[in-house]
Amino acid sequence: MEKSDKSNKINTMKRYFLFGIILSASIIFTGCKQTKAPAPYGPVPSENQLRWQDMEYYAFVHFSLNTYTDQPWGYGNEDINLFNPKALDCRQWARICKEAGMKGIIITAKHHCGFCLWPSKYTEYSVKNAPWKDGKGDVVRELADACKEYGLKLGIYLSPWDRNSSVYGKPEYITYFRNQLTELLTNYGDIFEVWFDGANGGSGYYGGTNETRKIDRTTYYDWKNTYKLVRKLQPNIVIWNDGGDRADLRWVGTEGGSVGETNWSLLDSTGDVPYNMLHYGLEDGNAWVPAEVNTSIRPGWFYHPSEDSKVKTLPQLMETYYNSIGHNATLLLNFPIMPNGLINEKDEKVALEFSKAVKEAFAVNLVGKKNVTATNVRGNSNKFGADKAVDNDMETYWATDDSVKTASLTIDFGQPTTFNRFLAQEYIRLGQRVKAFTVDALVDGNWKEVAKATTIGYKRILRFPNVTATQVRFNITDSKACPVISNVGIFDAPQILTAPSIIRNQAGEIIITPANQESDVYYTLDGSEPTPQSKKYTAPVQTEGKLKVRAIAYDSKTGKSSPESEDKFDLPRKGWKIIGIDNQKAYAILDGNTATAWHQSKDKKMPVDLVIDLGKEENLTGFRYFPDQTLWAPGIIMNYKFYVSKDKKRWKLVSQGEFSNIKNNPLWQTKTFATEKACYIKLQALKNTEENNNVGYAEVDVITN
Ligand code: FUL
C-alpha cells in the first residue's frame, strides 16, 4: 500500500508537471500570437534621422565677412582684411550652447559671399589670407575642438551659391564645391548635419566680372552625386537641402520660427516642393523627410549692432519652442557672432532663460504613476498596455488592434489637478499615423474638450488655459493605421507674460495691446523704465514729434511682469499723403500696423513707384520698408531705387540696391544716406522676389536727423 501510494503520488506529480508544461507552452504560444507588434506603416525614419530627431535642439552660428560689413548677404568682393576677430573664442560659443541645453552647433563655413572660415586649398578667399592669426587660423577647427570638449555635435553650412567664385555657374564650380565639401567632411571629425542653403544664383562679384549668373537649381548642382559623396565621407550624417533632390531633412518654408500645426514628416521623394508643402509635410508622401525649424535669436542671421535691442524675448522663444519642437520638428536657433568673435551677452542671457523656462515647464509630468486605461489594447497584451505610454521608456508603447483607428486613453489623477499642457509622442520607428486627436478634462464630473490638434509625430505639445480636473482623456479621432503611442505627458507650465505690442497710427496715437488678457499695461514716453508704478495704459495716447515708448504687461494676481517692449518713432505721419493712388486702402502703408498691407494695382508693370507727400520739408537721412507679413506673401520688393524731391518734379536718387534675404526673412529694411532736404519721397520697386509685377507694402517710413 505504502509503495503504491507513493507511486500514485509520483504519477500525479508527473501528470501535474506535464500539464504545467503544456499549459505554459500554450500560454507562450498564444501569447506570442497576440503580442505581435504592429507592422510599420508607410515611410519610416532611418537610424540617422532618428538620432537627429532625438537631438531636438541645436545651434546655428552665422559668422563671415558680413559680420564686419553689417550686411545680411555679401556680394563676394568684401575686403578679406576685415576679418580679424580680436577675441574669437569658440569655447564661449560651445559653453553657451551646452548650458542652453543644445546638442550641437552648425557653422556657416562658407556663406553666399564665398569667404571660407577654414583655410581651403581651393580658394584664396579664406581665413588663410586674412589678418586674423596671421593667416594661420581655422575657425572650423577651433569650433570642432570646442564641440568635442563640451560634448556637442558639429554641423557644417556650406553655401552652394558662391558670389566670389569666378567659375560659379559653370560646370567646374561643381568640382570646386565638392572639393570644399570633401575638406570639411574629412578633416574635422564626425559631422552630424550638412546644410545646403537654397539661395542660388543672381548678381555677384564672380571673380571681378560683376554680373548676374542664373543656374537651374534642380539640375546644376547634380545633388544625387553630391549626396553620394557626403554619405561616403560621413555615413552617420543627415543632409539638409531646401531644393533640388530630396534630402534627409526639410526646410519649413519660413525663417520665422514655426512649422505647421499639421506636420507630417513625409514628402514625395521627387517633384517640386512648394512652400506650403514644406510647412505642413505631405500626408501621403512616399519618403520620410522630417522638418527642421531654423530661426535666429535676433531678427537677422548675421550680427548687426542695431539689433542689440531686438534680441528675441523669452516669451517669443517659448512661442518658437511650441511651434517647432512642440510641432514635431527640431529647433535650429541661430546666434549671430559679433565682430570680436563672441556671442553677445544679451543673446546668452535669453538663451539660458529659455532653457530654464523649458525645463520648468516640463519638470513634473503630472501623469506620474496614475491609473491609466485605454479603450483598446492590442491583443489585450500587457506588452502594449496603456501604461506603456506613461512608463518613461521611449521604446515601449501603447498600441491598439490593427482594425482600431480611433481610441482613447484615460488618466485618472484621483484628485483635482491643475494643468495647461498636453504632450504626446508616436513611436515613429513604425511610421507617423495619427491624423487628429482631442484632449478632454473631467471638470466637476463633466467631460469638457480642452484642446484638439491634428498630427503628432515624434513630439506634439498642446497649450491651453489652466484647467483643474480629476481625469484626462486623450482621444485619437483619426489615424492612418492603429495608433502607436510611446509617451504621454501632462504639465502645469508656469505663467510667462508676453511683451505688449506698440504702434503709432497715422494720427500720431500710441496704441498698446497686451497679449495676455489677464494683464494690465504700464508705459513711459520719456525713455524711463516702465514699472507697475508707471502710467497705466487705458486708451490711445496722442503724441507729437520723435518718441520712444517703453511698456510692460503686469499681472497683479501673480505679481509677474512681461519683458519690456520698446519702440522708437520718427516723424509723425499725420500730414502725409500718398500721391497718384486713388484708394484709401493704400493708407495701410502709413497706419503703423505692421499686420496690414496694401498692394499696387495688378496692371502696373515694373518699375512701380510709391510717391509720398510729407506735407512739409524734412531733413531725411534714410528710409524703411516693411513687406507684407502674410506667410508667403506676394509682392515683396527685392531691388529698389529711392528718390527724394522738393517739388515733385526734379527727383534725386539717394539710395539703390537689394533687400537681401527678404523673401525668407521679411524684416524691416533700413537704408540710410547723407542728409537730404525733401518734401516728397519715391520708393521705386525694380524687381520683386518672384520676378513678377506684384508690389506690396506693410509700412513705409523715413528716418530724419
Ligand atoms: C538663408 C540665407 O540666405 C540666410 O543668409 C541664412 O544663412 C539662412 C539660414 O538661410 O536662406
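Under our numbering, think of the first position of the sequence shown as 0, with each following residue one higher. Glycine included, each C-beta is placed from N, C-alpha and C at the ideal position. For clarity, every value in this text was computed on a predicted model and none was experimentally measured.
message: Closer than 6 Å to a non-hydrogen atom of the ligand FUL - does that hold for the CB of Trp-239?
response: Here the question's residue 239 lines up with position 240 in the sequence shown. No; taking the cut-off as 6 Å, the Cβ of Trp-239 has no heavy atom of the ligand FUL nearer than that.
message: Taking the alpha-carbon of Leu-64 as reference, which of Val-139, Ser-125 and Arg-472 has the nearest alpha-carbon?
response: Residue numbering aside, residue 64 sits at position 65 when the sequence shown is read from its first letter. Closest option to Leu-64, Cα to Cα, is Ser-125.
task: Over the uninterrupted alpha helix (DSSP H) stretch that includes Ala-145, give me the two end residues.
output: In the sequence shown, residue 145 corresponds to position 146, counting from 1. Per DSSP, Ala-145 belongs to the alpha helix (DSSP H) from 138–149.
message: I'd like to confirm the pairing. Which residues does DSSP put opposite Gly-656 in its beta bridges?
response: If you number the sequence shown from 1, residue 656 lands on position 657. The partner list for Gly-656 (beta bridge, DSSP) reads Tyr-639.
task: In the DSSP assignment, find the unbroken alpha helix (DSSP H) run with Pro-170 in it and report its ends.
output: Working through the sequence shown from its first residue, we reach residue 170 at position 171. Taken as a continuous stretch (DSSP letters only), the alpha helix (DSSP H) holding Pro-170 covers 170–185.
task: Would you check if the region 402–421 and the region 508–521 touch, i.e. whether three or more CB-CB distances between them fall below 8 Å?
output: no
task: Output the residue ranges of the beta strand (DSSP E) runs that lie fully inside the region 502–577 and measure 3 residues or longer, sorted by chain position.
output: The region 502–577 contains these whole beta strand (DSSP E) runs: 508–512, 519–523, 546–554 and 564–568.
query: How about Asp-196: is its Cβ closer than 6 Å to a heavy atom in the ligand FUL?
result: Position 197 of the sequence shown, counted from the start, is the residue given in the question as residue 196. Under cutoff, so the answer is yes.
query: Any heavy atom of the ligand FUL closer than 6 Å to the CB of Trp-250?
result: Here the question's residue 250 lines up with position 251 in the sequence shown. No, the Cβ of Trp-250 stays beyond 6 Å of every heavy atom of the ligand FUL.
- request: Output the boundary residues of the beta strand (DSSP E) element that contains Ile-190.
  value: Stepping through the sequence shown from its first residue, residue 190 is reached at position 191. Residues 190–195.
field: Per-residue DSSP class, three states only, for Thr-319
entry: The residue given as residue 319 occupies position 320 in the sequence shown. Correct three-state label for Thr-319: helix.
query: Just the Cα atoms here: how many angstroms apart are Leu-408 and Ile-104?
result: To locate residue 408, count along the sequence shown from 1; it is residue 409. To locate residue 104, count along the sequence shown from 1; it is residue 105. Straight-line Cα distance between these residues: approximately 38 Å.
- prompt: Smallest Cα separation from His-303: which of Lys-686, Trp-667 and Phe-672?
  reply: In the sequence shown, residue 303 corresponds to position 304, counting from 1. Of the candidates Lys-686, Trp-667 and Phe-672, the one whose C-alpha sits nearest the C-alpha of His-303 is Trp-667.
task: Please name the residue in Asp-133, Ser-600, Glu-210 and Asn-83 whose C-alpha comes closest to that of Asn-582.
output: Translated into the one-based positions of the sequence shown, residue 582 becomes position 583. Among Asp-133, Ser-600, Glu-210 and Asn-83, the Cα nearest to that of Asn-582 belongs to Ser-600.
message: For Ala-755, count the other beta carbons within 10 Å of its own beta carbon; 16 or more makes it buried, fewer makes it exposed. Which is it?
response: The structure shown does not extend to residue 755, since the chain is modelled only from 0 through 704, so no value can be given for it.
message: Using the three-state DSSP reduction, which class does Gln-668 fall into: helix, strand or coil?
response: Residue mapping note: residue 668 aligns to position 669 of the sequence shown, counting from 1. Reduced to three states, the DSSP call for Gln-668 is strand.
field: Cβ-heavy atom distance, Trp-597 to the ligand FUL, below 6 Å
entry: Translated into positions along the sequence shown, residue 597 becomes position 598. Proximity of the beta carbon of Trp-597 to the ligand FUL is not indicated: no heavy atom of the ligand is located closer than 6 Å.
query: Going by C-alpha distance, which of Ala-398, Thr-374, Ile-427 and Ser-202 is nearest Val-288?
result: Along the sequence shown, one-based indexing puts residue 288 at 289. For Val-288, the nearest C-alpha among the options comes from Ile-427.
field: Rounded C-alpha distance that separates Ala-550 from Ile-214
entry: Indexing the sequence shown from 1 puts residue 550 at position 551. Indexing the sequence shown from 1 puts residue 214 at position 215. Their backbone Cα atoms lie some 48 Å apart in a straight line.
- prompt: Within 10 angstroms of its Cβ, does Asn-47 collect 16 or more other Cβ (buried), or is it exposed?
  reply: Here residue 47 is taken as the residue at index 48 of the sequence shown, counted from 1. Per the 10 Å Cβ criterion, buried.
task: Report the partner residues of Phe-473 according to the DSSP bridge assignment.
output: Taking the sequence shown and counting its residues from 1, one reaches residue 473 at position 474. Bridge partners of Phe-473: Leu-408 and Val-438.
Limits of the beta strand (DSSP E) - the one that Lys-594 falls within: As a position in the sequence shown, residue 594 is number 595, starting the count at 1. The sequence given here has Ala at residue 594, not Lys. Note, Ala-594: premise wrong, no beta strand (DSSP E); not H, not E.
- prompt: Does DSSP put Asn-691 in a helix, in a strand, or in coil?
  reply: As a first step, residue 691 must be located in the sequence shown, where it is residue number 692. Asn-691 falls in the coil class under three-state DSSP.
- request: Could you work out which residue in Lys-615, Glu-291 and Leu-609 is closest to Glu-698 when comparing CA atoms only?
  value: Taking the first residue of the sequence shown as 1, we reach residue 698 at position 699. When only C-alpha atoms are compared, the closest one is Leu-609.
- prompt: DSSP three-state call for Ala-206: helix, strand or coil?
  reply: As a working note, residue 206 is residue 207 in the sequence shown. The displayed chain sequence assigns Gly, not Ala, to residue 206. It is helical.
- prompt: Would you call the CB atoms of Pro-499 and Pro-482 closer than 7 Å?
  reply: As a position in the sequence shown, residue 499 is number 500, starting the count at 1. As a position in the sequence shown, residue 482 is number 483, starting the count at 1. No, they are not a contact pair.
task: May I ask which residues mark the beginning and end of the alpha helix (DSSP H) holding Ala-360?
output: Against the sequence shown, residue 360 aligns to sequence position 361. Ala-360: member of the alpha helix (DSSP H) spanning 344–360, first to last residue.
- request: Inspect the beta-carbon positions of Ser-659 and Trp-650 and report whether they are closer than 7 Å.
  value: Start at 1 with the first residue of the sequence shown, and residue 659 comes out as number 660. Start at 1 with the first residue of the sequence shown, and residue 650 comes out as number 651. Between Ser-659 and Trp-650, the gap from beta carbon to beta carbon reaches 7 Å or more.
message: I need the straight-line Cα distance from Trp-397 to Met-101, nearest angstrom please.
response: Translated into positions along the sequence shown, residue 397 becomes position 398. Translated into positions along the sequence shown, residue 101 becomes position 102. The alpha-carbon atoms of Trp-397 and Met-101 are separated by roughly 30 Å.
message: For Asn-262, which residues in the same chain have their Cβ closer than 7 Å to its Cβ, ignoring the five residues on either side in sequence?
response: The residue given as residue 262 occupies position 263 in the sequence shown. The residues are Tyr-279, Gly-280, Ala-290, His-326, Asn-327, Ala-328, Thr-454 and Gly-456.
- prompt: How far does the beta strand (DSSP E) with Val-229 in it reach, from first residue to last?
  reply: The count along the sequence shown starts at 1 and reaches residue 229 at position 230. Element bounds for Val-229: not the beta strand (DSSP E) but the alpha helix (DSSP H), 222–232.
query: Residue ranges of each beta strand (DSSP E) run of no fewer than 3 residues wholly in the region 28–70, ordered along the chain?
result: 56–61, all fully within the region 28–70.
Residues sharing a beta bridge with Asn-618, DSSP: Along the sequence shown, one-based indexing puts residue 618 at 619. Per DSSP, Lys-676.
- prompt: Leu-232 to Gly-154, Cα distance in whole Å?
  reply: As a first step, residue 232 is located in the sequence shown; it is residue number 233 there, counting from the start. As a first step, residue 154 is located in the sequence shown; it is residue number 155 there, counting from the start. Rounded to the nearest angstrom, the two C-alpha atoms are 14 Å apart.
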